[in-house]
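Engineer: Here it is, the structure in full.
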Amino acid sequence: MGISLLAGLVAIEAGTTVKSGFCGKLLVDAGAEVVRLSLPDTGDAPLSEWLDRGKASVVIDWRIPEGEVLLSRLLARADVLVSDFEGPAEAAALRDAATRHPRLVHTVLTDLGSSGPFAERPATDLIVSALSGMCYINGQAGRQPLREPGNQAAIVGALAGYIGSLAALANRDQTGHGQAVEVSALEAMVNVLSPSVLQCSYQDGAPHRHPSTDGFLFDCADGQVSIIISAQRSWETILDVWGITIDPAEAEKFTEANRRTNMPAIRALLAPVLANKTRREVFEELCMVHVPCGMLMTPADLPHDPHLMQRGSFDTLAGAPGAKRVFPGPGFRVANQPPTAERKLPVLGADTARILAPLGAEGGLE
Amino acid sequence: MSRMPLEHVRILDLTQAWAGSYGLQLLADLGAEVIKVESRSRPDPWRGGFVASRGLPCYPTDGPGERPYNRSYLANSVNRNKFGITLDLNTAEGRTLFLDLAKTADVVTENFTPRVLSNLGIGYDVLNAVRPGIILLSMPAFGLSGPYKDFPGIGGTIEPMSANASLLGEAGGRPQVSGVMYPDAVAGLNGAAAVLTALHARATTGNGAHMEVSQHESMIAMLGEFFASDTLPELARVGNRDLHLVPNGIYPCAGDDEWVAISVRDESDWANLRDAVDAPALRDQALCSVEARRAREDAIDTAIAAWTASRPAPAVEELLCAKGVPAARIRSMPDVLACPQLNASGYLQSVPQPEGIPPAPMPGIIANLTATPGRIRMPATGHGEHSHDVLRRILGLGESELAALEAKGIIGAGPPPA
Chain L
37 MGISLLAGLV AIEAGTTVKS GFCGKLLVDA GAEVVRLSLP DTGDAPLSEW
87 LDRGKASVVI DWRIPEGEVL LSRLLARADV LVSDFEGPAE AAALRDAATR
137 HPRLVHTVLT DLGSSGPFAE RPATDLIVSA LSGMCYINGQ AGRQPLREPG
187 NQAAIVGALA GYIGSLAALA NRDQTGHGQA VEVSALEAMV NVLSPSVLQC
237 SYQDGAPHRH PSTDGFLFDC ADGQVSIIIS AQRSWETILD VWGITIDPAE
287 AEKFTEANRR TNMPAIRALL APVLANKTRR EVFEELCMVH VPCGMLMTPA
337 DLPHDPHLMQ RGSFDTLAGA PGAKRVFPGP GFRVANQPPT AERKLPVLGA
387 DTARILAPLG AEGGLE
Chain A
-3 MSRMPLEHVR ILDLTQAWAG SYGLQLLADL GAEVIKVESR SRPDPWRGGF
47 VASRGLPCYP TDGPGERPYN RSYLANSVNR NKFGITLDLN TAEGRTLFLD
97 LAKTADVVTE NFTPRVLSNL GIGYDVLNAV RPGIILLSMP AFGLSGPYKD
147 FPGIGGTIEP MSANASLLGE AGGRPQVSGV MYPDAVAGLN GAAAVLTALH
197 ARATTGNGAH MEVSQHESMI AMLGEFFASD TLPELARVGN RDLHLVPNGI
247 YPCAGDDEWV AISVRDESDW ANLRDAVDAP ALRDQALCSV EARRAREDAI
297 DTAIAAWTAS RPAPAVEELL CAKGVPAARI RSMPDVLACP QLNASGYLQS
347 VPQPEGIPPA PMPGIIANLT ATPGRIRMPA TGHGEHSHDV LRRILGLGES
397 ELAALEAKGI IGAGPPPA
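Quick mapping for you: the protein sequence lines, in order, are chains L and A. Residue numbers 37 to 402, in our numbering, belong to the letters of the first sequence in order. Residue numbers -3 to 414, in our numbering, belong to the letters of the second sequence in order.
This is the structure we're talking about:
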């Protein structure tokens, strides 16, 4: 069973991007009933297998009067509407419909803002990342800036949308009133970078890309591990558990103040030990003595990791043809409860009659 | 002033460093009364220690000052709108005061390793006994269960463990970690989401909950699109390329470290980009599909880079945006602070800083609740700054009791008495 904390909550997700898709996924993963609302002329949403499991799919053309009536009935039963339509007509129609339901929380997700000088600009996840300052600090000095892999600016925006939606519901619990919530992925990503924003004022300048951004990744027998050697206690523990001695003539290179700038010497010192150990051996030996260490994992590795398997961190797509397909579960859970269940992917529009019929909408569906 | 959405919520926050402190700042920004509880003798590591830290260059350019622990940009970026108290939880008196505060609280948050809270005698069972319906949020690096549960983890090890590092990097290059300990912020967002989810359930059912954020899992959850394949091939690093958009990249421009990001969402964007760049490599009519462009992505990227290389990034941004093609100059942090969008909306706000540090621009409230918005009300709390105020206001302690607790080093601000 998945998390059921939002049992009874009804959310309508109306959008075309990862922003609304992931926000709806957060809601459905936490136990809400989520209805993905699509226009008739749109195809399946991008990344549907990942984002849409467990949701219902309803198709309504709310740009025409008959559809508007159906939308209104659906919203009358809903607690939250999450939308990210960029087309002005679709967005305005949703906004107008939402304002007629005073208990509804309507969360509008945009890339760059609903108003303001950039509101009309075309954008993607990469553009949001570029404008947020994230790309400038990711990557290697002198090389090209990098975004986080995938659509993480959009997902950060979706998380902000979820936080805003739930805060508005908390407010409704106290006052009885819903409201509009506005979230831009750009603002959310800049918020995530708050430490870098403040650094800029405190230290009078921009944080830059580092000369070496493979961080503390070291080669070992079957891949790479990240070992945090900055703290003095960790460093001394590493030397101790692996029986490494330092030539006194070289000691100056390995002081707390000098280690960061002497990575080649550190790599040379640790290489003979690491060459005979697997990622897992290094990871477990160091973590057991409280030295932070990480194995370099790929997406293919993760579903087979014993820790994640025991925790039930991945959920399976029900009814997938051929090989079983797994996706990462939610980023939060009820303590000590597996968060996920096997769930089906909705078929576009297949739930339209089932959802709308109880609302007195027979005969108005097509 | 309108009410704030969470002003009925009181939270005792034991989290430290970035992840938890950030998540709780998000809730404080939306009106929650967040009381940051630190140890008198061991402050939040993001403060840099009582003596100016050499390992964490976190102070303003004019120096660490008399109270360096209140002058770290790291701590001050994620602890605004909070009250700060100290309590030595290893003493019976400190623990009793904590539980007395918990009797009045809605939420307790912590990011210790799993056993610590119970060892301190303030685990979920104890908290739920003194305050039925309380919500506890635990944020250990690898979660509360599983073989790694007691292992330490920080952003720099979570990035490789979550596969983010294996996907971040240039094609053919080594895996990389982010420029900041970004998984901390992701865990913070999930922590705020977890608390709000449990608050909704409690409003509906009256029941509290023990919530859990594994920093490891919350980072993996960002990467779901890389699992949408039957075989999960060992994915290569692809720089800024996208699974669905071609081209999608960051290209060099005229000047030092000047770059522009360009995305093509659809065939209309492609036609407009092709007309702007006007290079032979892009003219082939057969390139009018994502699949066709994918097959020649290297040549397309090379042609775009050759076109951008002689042009200033702002000019490329302006030209392409005018044609409806997504484009943006890569912004450094000073550029972000000057962003017309973030300033016109009032999102970037000048916020007072502690210890004589001049007011500085900070990001505003992460979500704009249009009828009942959050507000920035207080600068980042100093270490133990509100110890007396909070214990007087909530527990009714008198001056002599407060003085006695301070003399014993259980409460107070700054380094404990020698």
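Beta carbons are placed, not taken as given, at the ideal position from N, Cα and C, and that holds for glycine.
Does DSSP classify Lys78(A) as helix, strand or coil?
Structural biologist: Here residue 78(A) corresponds to residue number 82 of the second sequence, with the count starting at 1. Residue state, collapsed to three classes: strand.
Engineer: Distance check for Leu275(L) and Gln268(L), CA to CA, integer angstroms please.
Structural biologist: Reading the first sequence from its first residue, position 232 is the one you call residue 268(L). Reading the first sequence from its first residue, position 239 is the one you call residue 275(L). Roughly 11 Å between the two C-alpha positions.
Engineer: Looking only at its chain, what residues have a beta carbon closer than 6 Å to the beta carbon of Tyr65(A), apart from the 5 residues adjacent to it on each side?
Structural biologist: Locating residue 65(A) in the second sequence gives position 69, counting from the first residue. For Tyr65(A), where only same-chain residues beyond five positions count, the Cβ hits under 6 Å are Pro39, Arg43, Phe46 and His379.
Engineer: Anyone know if the C-beta pair for Pro143(A) and Gln346(L) falls short of 8 Å?
Structural biologist: The sequence position of residue 143(A) within the second sequence is 147, counting from 1. The sequence position of residue 346(L) within the first sequence is 310, counting from 1. Closer than 8 Å, so yes.
Engineer: Would you verify that the beta carbon of Thr160(L) is, or is not, closer than 8 Å to some beta carbon of chain A?
Structural biologist: For the purposes of this step, residue 160(L) is taken as residue 124 along the first sequence, with counting starting at 1. Cβ-Cβ to chain A under 8 Å: yes for Thr160(L).
Engineer: Does the separation of the CB atoms of Thr304(A) and Pro375(A) fall below 8 Å?
Structural biologist: If you number the second sequence from 1, residue 304(A) lands on position 308. If you number the second sequence from 1, residue 375(A) lands on position 379. Going by C-beta atoms, Thr304(A) is not nearer than 8 Å to Pro375(A).
Engineer: Nearest to Ala33(L) by CA position, among Val94(L), Pro243(L), Pro374(L) and Ala129(L), is which residue?
Structural biologist: Residue 33(L) falls outside the range modelled here, since chain L spans only 37 to 402, and no answer is possible.
Engineer: So which residues on chain L does Phe79(A) lean against when the C-beta distance must stay under 9 Å?
Structural biologist: Position 83 of the second sequence, counting from 1, holds the residue named residue 79(A). Simply none; closest approach about 19 Å.
Engineer: State buried or exposed for Cys284(A), treating a residue as buried only when at least 16 other CB atoms are found within 10 Å of its CB.
Structural biologist: Here the question's residue 284(A) lines up with position 288 in the second sequence. Looking at its Cβ environment, which holds fewer than 16 other Cβ atoms inside 10 Å, Cys284(A) is exposed.
Engineer: In chain L, which residues lie less than 7 Å from His4(A) when you measure between Cβ atoms?
Structural biologist: Here residue 4(A) refers to the residue found at position 8 when the second sequence is read from its first residue. Chain L residues near His4(A): Gln210.
Engineer: For Leu344(L), which residues of its own chain have a beta-carbon under 8 Å away from its beta-carbon, when the five flanking residues on both sides are left out?
Structural biologist: By one-based count along the first sequence, residue 344(L) stands at place 308. Closer than 8 Å at the Cβ level, and outside the excluded window around Leu344(L), lie Leu338 and Phe350.
Engineer: At the level of alpha carbons, what is the spacing between Ser168(L) and Leu41(L)?
Structural biologist: Translated into positions along the first sequence, residue 168(L) becomes position 132. Translated into positions along the first sequence, residue 41(L) becomes position 5. Computed Cα separation, rounded: 33 Å.
Engineer: Rounded to the nearest angstrom, what separates Arg373(A) and Gln172(A) at their Cα positions?
Structural biologist: Sequence index remark: in the second sequence, residue 373(A) carries index 377 (1-based). Sequence index remark: in the second sequence, residue 172(A) carries index 176 (1-based). Between Arg373(A) and Gln172(A), the C-alpha separation is close to 38 Å.
Engineer: What residue range does the alpha helix (DSSP H) around Met299(L) cover?
Structural biologist: Looking up residue 299(L) in the first sequence gives position 263. Met299(L) -> alpha helix (DSSP H) spans Met299 to Leu310.
Engineer: Any contact of the segment 47 to 59 of chain A with the segment 12 to 27 of chain A, i.e. 3+ C-beta pairs under 8 Å?
Structural biologist: Judged by Cβ distances under 8 Å, the segment 47 to 59 of chain A makes no contact with the segment 12 to 27 of chain A, as fewer than three pairs qualify.
Engineer: Alpha carbon to alpha carbon, how far is Ala205(A) from Arg198(A)?
Structural biologist: Stepping through the second sequence from its first residue, residue 205(A) is reached at position 209. Stepping through the second sequence from its first residue, residue 198(A) is reached at position 202. Approximately 8 Å between the Cα atoms of the pair.
Engineer: From the beta carbon of Trp255(A), is the nearest beta carbon of chain L less than 8 Å away?
Structural biologist: Within the second sequence, the letter at position 259 stands for residue 255(A). Trp255(A) counts as touching chain L.
Engineer: Can you tell me whether Pro156(A) is helix, strand or coil according to DSSP?
Structural biologist: Position 160 of the second sequence, counting from 1, holds the residue named residue 156(A). Correct three-state label for Pro156(A): helix.
Engineer: Just mark Leu45(L) as buried or exposed, buried being the case when its beta carbon has 16 or more other beta carbons within 10 Å.
Structural biologist: Counting from one through the first sequence, the residue named residue 45(L) turns up at place 9. By the 10 Å Cβ count, Leu45(L) comes out buried.
Engineer: Does any residue of chain A bring its CB to less than 8 Å from the CB of Ser230(L)?
Structural biologist: Taking the first sequence and counting its residues from 1, one reaches residue 230(L) at position 194. With 8 Å as the cut-off, Ser230(L) counts as an interface residue toward chain A.
Engineer: 8 Å is my cut-off, CB to CB: does Leu148(L) come that close to chain A?
Structural biologist: Residue 148(L) sits at position 112 when you count from the first residue of the first sequence. Interface residue, yes.
Engineer: Taking only runs of the alpha helix (DSSP H) that begin and end inside the segment 325 to 372 of chain A, which ones reach a length of at least 4 residues, in chain order?
Structural biologist: Complete alpha helix (DSSP H) runs here, min 4: 329 to 333 and 336 to 340.
Engineer: Tell me the rounded alpha-carbon separation between Arg179(L) and Lys78(A).
Structural biologist: If you number the first sequence from 1, residue 179(L) lands on position 143. If you number the second sequence from 1, residue 78(A) lands on position 82. C-alpha separation (whole angstroms): 40 Å.
Engineer: In whole angstroms, what is the alpha-carbon distance linking Ala299(A) and Arg290(A)?
Structural biologist: In the second sequence, counting from the first residue as 1, residue 299(A) sits at position 303. In the second sequence, counting from the first residue as 1, residue 290(A) sits at position 294. If you take the alpha carbons of Ala299(A) and Arg290(A), they lie about 14 Å apart.
Engineer: Alpha carbons only, please: which of Gly352(A), Glu402(A) and Asp25(A) is nearest the one belonging to Gly59(A)?
Structural biologist: For the purposes of this step, residue 59(A) is taken as residue 63 along the second sequence, with counting starting at 1. Nearest option by C-alpha distance: Gly352(A).
Engineer: Shortest alpha-carbon distance to Pro355(A) belongs to which of His4(A), Asn364(A) and Arg67(A)?
Structural biologist: Position 359 of the second sequence, counting from 1, holds the residue named residue 355(A). Out of His4(A), Asn364(A) and Arg67(A), Arg67(A) has the C-alpha closest to the C-alpha of Pro355(A).
Engineer: Just to confirm the assignment, what range does the alpha helix (DSSP H) spanning Val122(A) have?
Structural biologist: Here residue 122(A) refers to the residue found at position 126 when the second sequence is read from its first residue. Residues Tyr120 to Val126.
Engineer: Name the DSSP beta bridge partners of Asp9(A), please?
Structural biologist: Counting from 1 along the second sequence, the entry for residue 9(A) is found at position 13. According to DSSP, Asp9(A) bridges with Lys32(A) and Thr105(A).
Engineer: With DSSP as the reference, please indicate the residues paired to Glu49(L) in a beta bridge.
Structural biologist: For the purposes of this step, residue 49(L) is identified with residue 13 of the first sequence, where counting begins at 1. DSSP lists Arg72(L) and Val118(L) as partners of Glu49(L).
Engineer: Could you compute how far the alpha carbon of Leu113(A) sits from the alpha carbon of Gly385(L)?
Structural biologist: Working through the second sequence from its first residue, we reach residue 113(A) at position 117. Working through the first sequence from its first residue, we reach residue 385(L) at position 349. Cα-Cα distance, rounded: 48 Å.
Engineer: Check Ile191(L) in the structure and name its three-state DSSP category.
Structural biologist: Sequence index remark: in the first sequence, residue 191(L) carries index 155 (1-based). Correct three-state label for Ile191(L): helix.
Engineer: Between the C-alpha atoms of Ile199(L) and Ala189(A), what's the straight-line distance to the nearest angstrom?
Structural biologist: Within the first sequence, the letter at position 163 stands for residue 199(L). Within the second sequence, the letter at position 193 stands for residue 189(A). Rounded to the nearest angstrom, the two C-alpha atoms are 5 Å apart.
Engineer: Shortest alpha-carbon distance to Ser407(L) belongs to which of Asp274(A), Asn72(A), Ile246(A) and Ala309(A)?
Structural biologist: Nothing about residue 407(L) can be reported from this structure: the residues present for chain L run from 37 to 402 only.
Engineer: Please look up how many angstroms separate the CB atoms of Ala323(A) and Ala257(A), rounded, as I've assumed it's under 8 Å.
Structural biologist: For this step, residue 323(A) is matched to residue 327 along the second sequence. For this step, residue 257(A) is matched to residue 261 along the second sequence. The pair is a contact, with the Cβ atoms about 7 Å apart (cut-off 8 Å).
Engineer: One question on the structure: do Gly80(A) and Glu29(A) come within less than 8 Å of each other, judged by their Cβ atoms?
Structural biologist: On the second sequence, position 84 is the one that residue 80(A) refers to. On the second sequence, position 33 is the one that residue 29(A) refers to. Cβ distance not < 8 Å, so Gly80(A) and Glu29(A) don't count as in contact.
Engineer: Once DSSP output is grouped into helix, strand and coil, what is the label at Met0(A)?
Structural biologist: Indexing the second sequence from 1 puts residue 0(A) at position 4. Of the three classes helix, strand and coil, the one that applies to Met0(A) here is coil, per DSSP.
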